[in-house]
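Participant:
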């Protein structure tokens, strides 16, 4: 996997429903070619985590995920001894006459080692994709530990000795910028900013991920999402929200978006109560995007009332 | 080729240009990586070269944002259609760089202080897309403009204040503030002699000494969360003396904890964390007068909103105490200030407002700015000396 070019990566990503632009494709190519970790920053819900999953799929390798959280310590990221099992083993073999050294070697063998994501990534046969998700949520102390790990790719377990990586994993770090990352970590990594997709990209993504979505609905969703992201919302909707919404509208058998449908399904998009007030204040901005025909008179459209009132529920079309 | 013959020379010159003129953190390792990265790019394709160099050479979003402009300025310095070899001198600073500011970090500070980078308008290429026209930004611009024309505007070259290492009394008071501030328990477990959770790992380890019998029990406990501070100092003319005191307070806190961010604002917001931390380490630093950030009128609401937009996500949180030092004499819209204060309050552990006028006999906080901000202040006080800070440390209330 030494020379993959950006175009091939983008094509492979597109096959798997992930629309990557040129800059992002090149960044992935660089990360693979230079064997450096790639730090992806961007707003929530633009596919930072998803890109790592897709990359693992493209490279036909395992994805090992380390989800960071506040209070994550080195031990729960690296390894732990299985103490209950060790104790049980020690008790059971108390009388079998083996020497102290033998018993110790048994107790501190790989059988009793619980591998956590980082150790797992190092000991993997084929170079895996290691996803360090939301690294900004971990504390500074863990960040320092991670730095050492990314530089050395080796772990010393006092009872077993030093374990060196057979193959360097491809590392992807993601951050939502809830905290400033240290310069040292940034300098170890390649950096790429993943923004919200453009209108055309979003339509592409909708078609790639929600097969059977009508042209018109995709355009409406993408335009509305664009308009929403321009408002000063507390939680701007990401791509994940547009996909959810598209699925919701599909399952309600809508082939277009009008004011009433928007009202009914807005919960898929805006997740904070105050944001709905913001949207209400900017009704004029979204009005041109919505179609003025009501869902009932639209030929082929199914209103909520007809579905539930008369029980004529049908499978989603397309 | 321009300005040197060979590719490595050009690359090194470009790295030096980014480092010196734009404050990128680029060392030999980055330059080496950039050279390796160029091997896989099609050098005839300018876009490909940009895409390849950007992830390697930039480290932050701000870097990525000015990368393309810097790339164009370095490799395509002249007007279009002028052959590079016919251009004589290498371009120095870009237009965004302030000619009065020699040090690169200042330049970047100025770029951000001017609001040069609007984060919501960046594309992945780091290019700025035009701002959507909206009434809000227009209103903001009008009130900012009004503030800068107002009679409170700075006159001529008013130098900023000089800050230096804080006195021991200040440091003691700041340490006590940091110590007393209880922003909850951390989520991580640390070994301790007494605690709530049994530490199997260490108990077993220490029991080796006693032949496997766990005689010494080890415990785990959650340590106190380290509080973070954001100090926003009003640098307007009406604050002149009090602002220096507030900066002294920021330096004292910086001496007690690393987790502090400091800003000055008047008609624009400026990050002075670096200066404050250098002062805490013993340097004498002059905070340069920059744009309208020192000695002008105040648009508190606009500045706080600017702070929220640019730094809110990264700096605010449940363990952040926001300290605002201002007299509340605002020339902006009270509504903007109210919204910004509500947001800051919602996203932080507490809001301390230090108003120097509070010590004045007969002062009532009735200025429109103060009235708008008042409901969202958790601690309203004045700090004029170290004793005042010590008093404050007993006063601060944290919302849990």
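Protein chains in written order, with this note's numbering: chain B, 2 to 319; chain W, 100 to 499.
Note that CB positions come from ideal geometry on N, CA and C, so glycine has one too.
From a predicted model like this one, the values you see are computed outputs, not experimental measurements.
Starting from the Cα of residue 472(W), find the closest Cα among 267(W), 403(W), 483(W) and 456(W) and give me that residue.
Facilitator: That would be 403(W), whose Cα lies nearest to the Cα of residue 472(W).
Participant: Using a beta-carbon distance cut-off of less than 7 Å, what residues from the segment 191–202 of chain B approach chain W?
Facilitator: For the segment 191–202 of chain B, which is checked against every Cβ of chain W, the residues closer than 7 Å are 191, 192, 193, 194, 195 and 196.
Participant: In angstroms with no decimal places, state the Cα-to-Cα distance between residue 46(B) and residue 336(W).
Facilitator: Using only the alpha carbons, I get a separation of about 44 Å.
Participant: Do you know whose CA, among 287(B), 213(B), 264(B) and 286(B), lies nearest residue 254(B)'s CA?
Facilitator: Ranking 287(B), 213(B), 264(B) and 286(B) by Cα distance to residue 254(B) puts 213(B) first.
Participant: What do you get for residue 442(W), buried or exposed, if any count of 16 or more other CB atoms within 10 angstroms of its CB means buried?
Facilitator: Counting Cβ neighbours within 10 Å, residue 442(W) comes out buried, since at least 16 surround it.
Participant: Quick one: Cα of residue 62(B) to Cα of residue 169(B), how far?
Facilitator: Rounded to whole angstroms, residue 62(B) to residue 169(B) spans 13 Å at the Cα level.
Participant: What in chain W is Cβ-close to residue 184(B), meaning under 8 Å?
Facilitator: Simply 124 and 158.
Participant: Would you report the Cα separation of residue 490(W) and residue 419(W), rounded to the nearest angstrom?
Facilitator: Looking at the two C-alpha atoms, the distance is approximately 20 Å.
Participant: Measure the alpha-carbon distance for residue 333(W) versus residue 263(W) and round it to whole angstroms.
Facilitator: Going by the C-alpha atoms only, they are around 19 Å apart.
Participant: Listing by chain order, which chain B residues have their CB less than 7 Å from the CB of residue 506(W)?
Facilitator: Residue 506(W) falls outside the range modelled here, since chain W spans only 100 to 499, and no answer is possible.
Participant: Spatial neighbours of residue 43(B) within its chain, please: CB distance less than 7 Å, with the 5 preceding and 5 following residues excluded, ordered by chain position.
Facilitator: For residue 43(B), where only same-chain residues beyond five positions count, the Cβ hits under 7 Å are 49, 194, 195 and 196.
Participant: Quick one: give me the first and last residue of the beta strand (DSSP E) that residue 449(W) is part of.
Facilitator: Per DSSP, residue 449(W) belongs to the beta strand (DSSP E) from 449–453.
Participant: When the cut-off is 8 Å and only beta carbons count, does residue 94(B) lie next to chain W?
Facilitator: False, the Cβ-Cβ gap to chain W never drops below 8 Å.
Participant: Since residue 81(W) is in the beta strand (DSSP E), which residue starts that stretch and which ends it?
Facilitator: Within the shown structure, residues of chain W are numbered from 100 to 499, placing residue 81(W) beyond reach of any answer.
Participant: So, is the C-beta of residue 14(B) closer than 8 Å to a C-beta in chain W?
Facilitator: False, the Cβ-Cβ gap to chain W never drops below 8 Å.
Participant: Between the segment 148–156 of chain B and the segment 94–101 of chain B, do at least 3 Cβ pairs fall closer than 8 Å?
Facilitator: Not touching, per the Cβ criterion.
Participant: Should residue 373(W) be flagged as near chain B, meaning a C-beta pair shorter than 8 Å?
Facilitator: It does not: the Cβ of residue 373(W) has no partner Cβ on chain B nearer than 8 Å.
Participant: With burial defined as no fewer than 16 other Cβ atoms inside 10 Å of the residue's Cβ, what is the status of residue 376(W): buried or exposed?
Facilitator: That one is buried.
Participant: Helix or strand or just coil, what does DSSP make of residue 337(W)?
Facilitator: Helix at residue 337(W).
Participant: In the structure shown, what three-state DSSP assignment does residue 290(B) receive?
Facilitator: Here residue 290(B) sits in coil by DSSP.
Participant: Is the CB of residue 80(B) under 8 Å away from at least one CB in chain W?
Facilitator: Taking Cβ atoms only, chain W never reaches closer than 8 Å to residue 80(B), which makes this a no.
Participant: For residue 416(W), which residues in chain B fall below 9 Å Cβ to Cβ?
Facilitator: Ordered by position in chain B, the residues that pass the 9 Å Cβ test against residue 416(W) are 179 and 180.
Participant: Any idea what DSSP makes of residue 492(W), helix, strand or coil?
Facilitator: Reduced to three states, the DSSP call for residue 492(W) is helix.
Participant: Between residue 275(W) and chain B, is the shortest Cβ-Cβ distance under 8 Å, so that the two count as touching?
Facilitator: No, because no Cβ of chain B sits closer than 8 Å to the Cβ of residue 275(W).
Participant: Buried or exposed: where does residue 270(B) fall if 16 or more other Cβ atoms within 10 Å of its Cβ makes it buried?
Facilitator: With 16 or more Cβ atoms within 10 Å of its Cβ, residue 270(B) is classed as buried.
Participant: In the segment 52–79 of chain B, which residues sit with their C-beta less than 8 Å from some C-beta in chain W, listed in chain order?
Facilitator: Answer in chain order: 70, 71, 72, 73, 74 and 76.
Participant: Mind listing the chain B neighbours of residue 151(W)? Cutoff is C-beta to C-beta under 7 Å, in chain order.
Facilitator: Those are 27 and 31, listed as they occur along chain B.
Participant: Helix, strand or coil: which one does DSSP assign to residue 188(B)?
Facilitator: If DSSP states are grouped into helix, strand and coil, residue 188(B) belongs with the helices.
Participant: Got a sec? Which residues, its chain only, sit under 7 Å from residue 411(W) by beta carbon, not counting five neighbours each side?
Facilitator: So the list reads 446, once near-sequence residues are dropped.
Participant: Kindly indicate if chain B contains any beta-carbon less than 8 Å away from that of residue 309(W).
Facilitator: Chain B, which has no Cβ nearer than 8 Å to the Cβ of residue 309(W), makes this no.
Participant: Here's the rule I'm using: 16 or more other beta-carbon atoms within 10 Å means buried, otherwise exposed. How should residue 454(W) be labelled?
Facilitator: Buried.
Participant: Taking all protein chains shown into account, do 16 or more other C-beta atoms lie within 10 angstroms of the C-beta of residue 167(B), making it buried, or fewer, making it exposed?
Facilitator: The residue in question, residue 167(B), is exposed, as its Cβ has fewer than 16 Cβ neighbours within 10 Å.
Participant: On the DSSP bridge assignment, give the partners of residue 422(W) in chain order.
Facilitator: Beta-bridge pairing links residue 422(W) to 330(W) and 451(W).
Participant: Where does the unbroken alpha helix (DSSP H) through residue 410(W) begin, and where does it stop?
Facilitator: Counting along the chain, the alpha helix (DSSP H) containing residue 410(W) begins and ends at 399–414.
Participant: Kindly identify the DSSP beta-bridge partner or partners of residue 155(B).
Facilitator: DSSP output for residue 155(B) lists 165(B) as bridge partner(s).
Participant: According to the Cβ coordinates, are residue 151(W) and residue 140(W) closer than 8 Å?
Facilitator: It is a contact, given that the beta carbons lie within the stated cut-off.
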